[in-house]
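Chemist: Counted from 1, the sequence shown has number 282 at position 260 by this note's numbering; the numbering is strictly sequential. Shown below is the structure under consideration.
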Amino acid sequence: MKENVASATVFTLLLFLNTCLLNGQLPPGKPEIFKCRSPNKETFTCWWKPGTDGGLPTNYSLTYHREGETLMHECPDYITGGPNSCHFGKQYTSMWRTYIMMVNATNQMGSSFSDELYVDVTYIVQPDPPLELAVEVKQPEDRKPYLWIKWSPPTLIDLKTGWFTLLYEIRLKPEKAAEWEIHFAGQQTEFKILSLHPGQKYLVQVRCKPDHGYWSAWSPATFIQIPSDFTMNDTTVWISVAVLSAVICLIIVWAVALKGYSMVTCIFPPVPGPKIKGFDAHLLEVTL
23 MKENVASATV FTLLLFLNTC LLNGQLPPGK PEIFKCRSPN KETFTCWWKP
73 GTDGGLPTNY SLTYHREGET LMHECPDYIT GGPNSCHFGK QYTSMWRTYI
123 MMVNATNQMG SSFSDELYVD VTYIVQPDPP LELAVEVKQP EDRKPYLWIK
173 WSPPTLIDLK TGWFTLLYEI RLKPEKAAEW EIHFAGQQTE FKILSLHPGQ
223 KYLVQVRCKP DHGYWSAWSP ATFIQIPSDF TMNDTTVWIS VAVLSAVICL
273 IIVWAVALKG YSMVTCIFPP VPGPKIKGFD AHLLEVTL
């Protein structure tokens, strides 16, 4: 009797599996954790790519533990980072600790697991782009005109404590140009650019990078029209040229006045009188 029940159970299971296979229903494909990012060393988010769903509704869960621990934890927040993500708030984020995590995909036909991913929050920092990018043409008197660029750090980063340092990079180009001109700005939040083409419309963007981590995305482009009369109007240069020219003229006049005769002789040498070869003027004096 028991053998008949066991055989019936196995037959039913095989029939069910065969029906599922005929309907294209399979266990889920292997998911992949493809990115983890922290905007400020205080929180971080990881995203995964689902595998095939096997033709059935599939549930995903992320589990993790810290290096040196054995207790497994489930993702604390599946909402903040968007679909297929896990967000770790401040209470779950530890610096200089390695997180070991993987994603489990499950449907009625079975389960599959992603490869384990090792994450250190210190090395996945990618800040948000800088804010409040402002661009202005400056034309001060007696100085070269220039393009003045200013911006603010991302709001999620606290630079006052001193344990977070940001470096900045600027890029700009004429609207129709293909190549960008790149300028490294260091830690300053403003920058001057002198060499520009008058009459052109420029696109300007800025991005930032922490001491450990990756460059942010570029900020939205800001447009600036360079005036057609954007030319060098440096009166200091012209004054210097005039003074130098006057000094050279004075030197020439002084030299001519001091050695006028020598100069004239040098320029217009005397014409030599006729001279007959073999003629002795003393013999003529004796004869007379």
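Ideal placement from N, C-alpha and C gives every residue a C-beta, glycine not left out.
1. Let me confirm a value: V269 is counted as buried when at least 16 other C-beta atoms fall within 10 Å, else exposed. Which label applies?
2. Exposed or buried, S250, counting other C-beta atoms within 10 Å across all chains shown (16 or more means buried)?
3. Taking contact to mean 3 or more Cβ pairs, one atom from each stretch, closer than 8 Å, check whether the region 112-132 and the region 52-72 are in contact.
4. Nearest to Y224 by alpha carbon, out of E201, D233 and Q210?
5. Going by CA-CA distance only, name the one from T80, F245, E158 and Y121 that's closest to I215.
6. Nearest to Y82 by CA position, among T65, I55 and L189, is which residue?
7. By the three-class DSSP mapping on this structure, what secondary structure does A243 have?
8. Please state if the CB of E203 and the CB of L189 are separated by a distance shorter than 8 Å.
9. So, are the CB atoms of T102 and H109 less than 8 Å apart?
10. What's the C-alpha gap between Y100 and W118?
11. Rounded to whole angstroms, what's the CA-CA distance from Q222 to F245? Just pull it up for me.
12. Leaving aside the five residues before and after F213 along the sequence, list all residues of the same chain whose C-beta is less than 6 Å from its C-beta, in chain order.
13. Decide if I146 is buried, meaning its Cβ has at least 16 other Cβ atoms within 10 Å, or exposed.
14. Can you check which of these residues, L155, L218 and A199, is closest to Y168 by C-alpha distance?
15. Do S133 and P49 have their beta-carbon atoms positioned less than 8 Å apart in this structure?
16. Leaving aside the five residues before and after Y114 along the sequence, list all residues of the same chain whose C-beta is less than 6 Å from its C-beta, in chain order.
17. As a quick exercise: from P232, T120, P151 and L272, pick the residue whose alpha carbon is nearest that of W185.
18. Hey, out of A156, S60 and S267, whose CA is closest to D142's CA?
19. Which one or two residues does DSSP pair with L133 in a beta bridge?
20. Here's a check: name, in chain order, each residue in its chain whose Cβ is nearer than 6 Å to the Cβ of P176, leaving out the five neighbours to either side.
21. So, at 7 Å on beta carbons, what are the nonlocal neighbours of L93 in its own chain, with the 5 sequence-adjacent residues on each side left out?
22. By DSSP, does L194 sit in helix, in strand, or in coil?
23. Check the C-beta distance from T65 over to G111 and give it rounded, since I have them as a contact under 8 Å.
24. Could you check where the beta strand (DSSP E) with P232 kicks off and where it finishes?
25. What first and last residue would you give for the beta strand (DSSP E) that runs through H219?
26. Using alpha carbons as the reference points, say which of Q210, L155, K198 and E163 lies closest to L181.
27. Please report the residue range of the beta strand (DSSP E) in which C68 lies.
28. Could you tell me the distance, in whole angstroms, from the CA atom of Q130 to the CA atom of G77?
29. Express the C-alpha separation of S241 and L272 in angstroms, rounding to a whole number.
Modeler: Concretely, from the data shown:
1. exposed
2. exposed
3. yes
4. E201
5. E158
6. I55
7. coil
8. no
9. yes
10. 24 Å
11. 10 Å
12. I171, I192 and A207
13. buried
14. L218
15. yes
16. P98
17. P232
18. S60
19. In the sequence on display, residue 133 carries Ser and not Leu. BP columns for S133 point to T128.
20. P149 and D150
21. H87
22. strand
23. 6 Å
24. K223 to P232
25. Where H219 is concerned, there is no enclosing beta strand (DSSP E), given that its DSSP letter is neither H nor E.
26. Q210
27. F66 to K71
28. 10 Å
29. 58 Å
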